[in-house]
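Colleague: Residue numbers (this note's numbering): 35 to 123.
#1: Within its chain, find whatever has a CB closer than 6 Å to the CB of residue 50; leave out the 5 residues flanking it on each side and keep chain order.
#2: Check the DSSP bridge columns for residue 77 and list the partner residues they point to.
#3: How is the alpha helix (DSSP H) around residue 50 delimited, first residue to last?
#4: Can you look up residue 108 in the DSSP assignment and give me helix, strand or coil?
#5: Please name the residue, chosen from 109, 121 and 104, that lies closest to residue 45 on a Cα-to-Cα basis.
#6: Could you tell me if residue 120 is buried or exposed, where buried requires 16 or more neighbouring beta carbons within 10 angstroms of its beta carbon?
Here is the structure:
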């Protein structure tokens, strides 16, 4: 079966298609792509849904290596709100 393994940074990404045996796990896909030594990865997801390394994959799945957040989401929203002028009704 063929799956895609993706890792991303703020302004670029790397995606590799790997061929695996039926019943292969997420961890095996990451290793086959050569990303198993990626120290920045804090977890994994399949199509955006958090998953463990022992998750069994299916044909066409997209495995994503997750990175730590750069900014707390509440703080990012606060900063954007401060940058926008208030609208008068």
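C-beta: ideal position from N, C-alpha, C; glycine also.
Given the structure is predicted, the values throughout are model-derived calculations rather than measurements.
Modeller: On the basis of the data shown:
#1: 39 and 67
#2: 100
#3: Unbroken run through residue 50 is the beta strand (DSSP E), 46 to 53; no alpha helix (DSSP H).
#4: helix
#5: 104
#6: exposed
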